[in-house]
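Novice: Those sequence lines, one after another, are chains A and B.
One gets the numbering used here by counting positions in the first sequence from 1 and adding 35 to each.
One gets the numbering used here by counting positions in the second sequence from 1 and adding 10 to each.
Quick one: structure below, then a few questions.
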Amino acid sequence: MSEGSLYLAVVPAYNESATIVSVIEALRRHAPTFDLLVIDDGSSDDTHALADGAGAQVLRLPFNVGIGGAVQTGFVYAREHGYDFVAQVDGDGQHDSMELERLVATMEAEAVDVVCGSRFLTDDYRYPAPISRRAGIHIFAFLLSRLVGGRVSDPTSGFRLYNRRAIELFAREYPHDYPEVEAVLMLHHHRLRMLEIPVKMYTRGGGSSSISTGKSAYYMLKVLLALFVGLGRSRPSELGSDRAVATAQPGA
Amino acid sequence: MQARTQLVAILGATLLLLVVLEMVRRRRLMERYALLWLLSAIVLLALGIWTGALRTISHAIGVIYPPNALFFIGIGFILLLLLHFSAAVSRLNEQSEILAQRLALLEERLRRQEQSMSSLAHGASDSRSAELAQAAIE
């Protein structure tokens with residue numbers, strides 16, 4: 036870990052009272068350099084009180100704004116408070132906070148803007164999601180890989196580490212529903228680099244997914260529309276201009 | 011259906027489709043609200059092109075002149091869209107109410123904090139309470 040850098044772990048949580056305490060405790064144990072920020076997305080249970088009691092900073096949204104808006108709150112907070120790195124860790128206990136250090140190490144070793152933990156880069160992954168969900172993930176993975184011209188194996192993974200440039204971008208603008216998929220395309224459009232590393236993930240520890248099976252077809256359509264329309268947007272270059280220079284003169 | 015009527019239907023539906031897509035591209039319209047518009051435009055466009063289906067539908071609903079069935083379906087979509095947006099407006103209304111309430115509570119909280127702070131500062135005649143006030147401000 037770089038000296039003096041500020042790390043923030045953003046934990047979006049919607050009715051996660053069953054798991055939120057263990058998620059925060061694991062983060063405090065395995066990722067002590069990270070400050071912890073829980074975004075309670077209008078939960079009707081006592082998620083916020085539990086998170087507060089476990090020693091996290093809590094932002095309580097007055098009503099449910101959806102996962103995209105909740106996570107973006109974390110980016111805005113990070114920007115306002117001058118954090119250098121933001122990790123997104125889901126509040127349902129799917130993500131293993133022990134892997135967070137590997138995300139940080141990868142970020143430091145490879146000059147990338149986002150490091151994403153992928154379930155599908157190893158052969159021995161066990162991710163017993165319903166077949167419809169997995170099919171959706173693979174369709175998005177297929178489309179995104181072609182759109183960004185590089186392999187994207189797990190576009191719905193919310194286990195990510197972002198640097199300052201990515202924080203700035205997403206604090207300004209972050210997709211709404213199923214945001215991780217569209218965020219990959221946004222990164223590509225703004226010429227930010229993303230790298231995936233294999234991570235283990237658990238099945239949900241409790242609560243229920245924000246995406247029920249009935250709604251997933253609807254979300255799927257919406258994200259497909261977003262991807263399709265996103266193709267028509269021009270690629271602004273000012274954010275990535277230094278990167279463009281760097282790749283043009285690799286010896287310099 | 012007359013060729014001219016068909017042409018107008020196709021052009022109208024295509025225009026609607028393009029306008030909706032362009033609005034989404036410029037982020038003037040969220041995907042969530044664009045889907046129903048897109049569905050309407052696509053169905054109207056399909057029925058404009060595929061007159062056989064339109065004729066079948068107009069027979070089924072007892073409309074003699076097929077273009078009237080197109081109007082009928084169009085009005086159906088308009089009703090659906092209006093209902094959709096009424097629901098959306100209701101949700102926004104509820105949310106802005108909650109926001110206003112939270113804001114009022116927050117302002118009251120802030121005012122109380124400021125008052126207690128200034129009274130602490132004013133009442134600080136001896137050095138001990140001045141220190142206290144300083145600590146409170148910090």
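Where is the CB? At the ideal position from N, CA and C, for every residue including glycine.
Please report the straight-line C-alpha distance between Ile97(A) and Arg207(A), rounded to a whole angstrom.
Specialist: Strictly speaking, residue 97(A) in this sequence is Pro, with Ile absent from that position. CA-to-CA, the gap between Pro97(A) and Arg207(A) works out to about 21 Å.
Novice: Does the pairing of the region 63-72 of chain A with the region 69-88 of chain B give three or more beta-carbon distances under 8 Å?
Specialist: no
Novice: With distances taken Cα to Cα, identify the nearest neighbour of Ile59(A) among Asp80(A), Gln92(A), Ala218(A).
Specialist: Gln92(A)
Novice: Could you give the C-beta distance for Ser251(A) and Arg168(A), rounded to a whole number, given that I count them as a contact under 8 Å?
Specialist: Indeed, because the Cβ distance is near 7 Å, the residues count as touching under 8 Å.
Novice: Helix, strand or coil: which one does DSSP assign to Ile74(B)?
Specialist: Looking at Ile74(B) - three-state DSSP - the assignment turns out to be coil, as it is neither helix nor strand.
Novice: Figure out for me which residue from Ile71(B), Gln12(B), Phe87(B), Glu124(B) has the closest Cα to the Cα of Ala23(B).
Specialist: Phe87(B)
Novice: Report the option in Gln16(B), Leu89(B), Arg38(B) whose CA atom is closest to the CA atom of Leu64(B).
Specialist: Of the listed residues, the one whose Cα sits closest to Leu64(B) is Gln16(B).
Novice: Whose C-alpha, out of Leu230(A), Ile232(A), Glu231(A), His211(A), is nearest the C-alpha of Met255(A)?
Specialist: His211(A)
Novice: For Ala44(A), does the three-state DSSP call read helix, strand or coil?
Specialist: strand
Novice: Measure the C-alpha to C-alpha separation of Leu89(B) and Ser96(B) and round it to an integer number of angstroms.
Specialist: 10 Å
Novice: Measuring only between beta-carbons, confirm whether Gly267(A) sits less than 7 Å from chain B.
Specialist: yes
Novice: In three-state terms, what does DSSP make of Pro214(A)?
Specialist: In this structure, Pro214(A) counts as helix in the three-state DSSP scheme.
Novice: Which residue marks the beginning of the beta strand (DSSP E) containing Gln123(A), and which one marks its end?
Specialist: Element bounds for Gln123(A): 120-123.
Novice: Kindly indicate which three-state DSSP category Glu115(A) falls into: helix, strand or coil?
Specialist: helix
Novice: Put Ser153(A) into one of helix, strand or coil per three-state DSSP.
Specialist: It is a strand residue.
Novice: Only counting the same chain, and skipping five residues up and downstream in sequence, which positions put a Cβ closer than 6 Å to that of His94(B)?
Specialist: Leu46
Novice: For Gln105(B), which residues in chain A fall below 7 Å Cβ to Cβ?
Specialist: Phe98
Novice: On the CB-based measure, 16 or more other CB atoms within 10 Å of its CB, does Ser129(B) come out buried or exposed?
Specialist: exposed
Novice: Using a C-beta cutoff of 7 Å, does Ile71(B) count as contacting chain A?
Specialist: The beta carbon of Ile71(B) sits no closer than 7 Å to any beta carbon of chain A.
Novice: What residues in its chain sit with their C-beta under 6 Å from that of Val183(A), if we drop five residues either side in the sequence?
Specialist: His223
Novice: Would you be able to state if there are at least three C-beta pairs under 8 Å between the region 189-208 of chain A and the region 104-111 of chain A?
Specialist: yes
Novice: Could you have a look at Asp87(A) and say whether DSSP puts it in helix, strand or coil?
Specialist: helix
Novice: Given this structure, state the Cα-to-Cα distance separating Thr282(A) from Gly103(A), to the nearest angstrom.
Specialist: Per-residue confidence for Thr282(A) stands at a pLDDT of 39, beneath the threshold of 50, marking its modelled position as unreliable; the derived number appears in the next sentence. Spanning the two alpha carbons is a distance of roughly 32 Å.
Novice: Mind checking the region 34-54 of chain B against chain A and listing, in chain order, the residues whose C-beta falls within less than 9 Å of any C-beta there?
Specialist: Val34, Arg35, Arg36, Arg37, Met40, Glu41, Arg42, Ala44, Leu45, Leu48
Novice: For Ser68(B) and Ala44(B), I'd like the C-alpha separation in whole angstroms.
Specialist: 27 Å
Novice: Give me the DSSP bridge partner(s) of Leu230(A).
Specialist: Val150(A)
Novice: In its own chain, which residues sit with a C-beta less than 8 Å from the C-beta of Ser153(A), not counting the 5 before and 5 after it?
Specialist: If we look at Ser153(A) and ignore the five residues flanking it on each side, its Cβ neighbours are Ser188, Asp189, Ser192, Glu231, Ile232, Pro233, Val234.
Novice: Compare the C-beta of Leu116(B) with all C-beta atoms of chain A and state if any pair is closer than 7 Å.
Specialist: Not closer than 7 Å to any Cβ of chain A, the Cβ of Leu116(B) fails to qualify, so no.
Novice: Quick one: residues in its chain with C-beta nearer than 6 Å to the C-beta of His65(A), no 5 flanking neighbours on either side, listed in chain order?
Specialist: Ser132, Met133
Novice: Within the continuous beta strand (DSSP E) that includes Leu196(A), where are the two ends?
Specialist: From DSSP, the beta strand (DSSP E) with Leu196(A) extends over 195-197.
Novice: Check the Cβ of Arg119(B) against every Cβ in chain A and list those closer than 9 Å, keeping chain order.
Specialist: Those within 9 Å of Arg119(B) in chain A number zero; the least Cβ separation is about 14 Å.
Novice: Label Thr82(A) either buried or exposed according to how many other C-beta atoms from any shown protein chain fall within 10 Å of its C-beta, with 16 as the threshold for buried.
Specialist: buried
Novice: Please list the partners that Ile108(B) has in chain A, where partner means a Cβ-to-Cβ separation under 8 Å.
Specialist: Per Cβ cutoff of 8 Å: Pro97, Phe98.
Novice: Please compile the residues from chain A whose C-beta is within a distance smaller than 7 Å of the C-beta of Leu31(B).
Specialist: Listed along chain A, the residues sitting closer than 7 Å to Leu31(B) by beta-carbon distance are Val264.
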